[in-house]
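A.B. asks: Please see the structure below; I have some questions.
In my numbering, the protein residues as written are 178 to 247.
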């Protein structure tokens with residue numbers, strides 16, 4: 178199934194997926210450098226998943242976009 182940028186349901190699902198991803202990452206980390214670790218880990222996962230599932234990569238990239246900037 179391809180991702181349709183104009184479909185509001187798919188956009189909402191993307192945002193929810195990104196938020197779930199960040200919450201899981203935050204729950205696993207108890208450190209001052211949590212944001213840096215989340216960003217680093219997410220970028221590694223994007224590399225792993227970029228050939229397997231563009232939809233998952235889209236969720237992770239959106240998660241990076243909504244992280245607070247340093």
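Even for Gly, the Cβ is constructed at its ideal location relative to N, Cα and C.
Quick check: the Cα distance between residue 196 and residue 228, rounded to an integer number of angstroms?
C.D. replies: Roughly 22 Å separates the two Cα atoms.
A.B. asks: Please report the straight-line C-alpha distance between residue 226 and residue 241, rounded to a whole angstrom.
C.D. replies: In a straight line, the C-alpha of residue 226 is about 15 Å away from that of residue 241.
A.B. asks: Does residue 191 pass the burial test, meaning 16 or more other C-beta atoms within 10 Å, or should it be called exposed?
C.D. replies: Buried.
A.B. asks: Kindly indicate which three-state DSSP category residue 182 falls into: helix, strand or coil?
C.D. replies: Coil at residue 182, not helix or strand.
A.B. asks: Helix, strand or coil: which one does DSSP assign to residue 231?
C.D. replies: Of the three classes helix, strand and coil, the one that applies to residue 231 here is helix, per DSSP.
A.B. asks: One question on the structure: do residue 236 and residue 194 come within less than 7 Å of each other, judged by their Cβ atoms?
C.D. replies: The answer is yes: Cβ separation under 7 Å.
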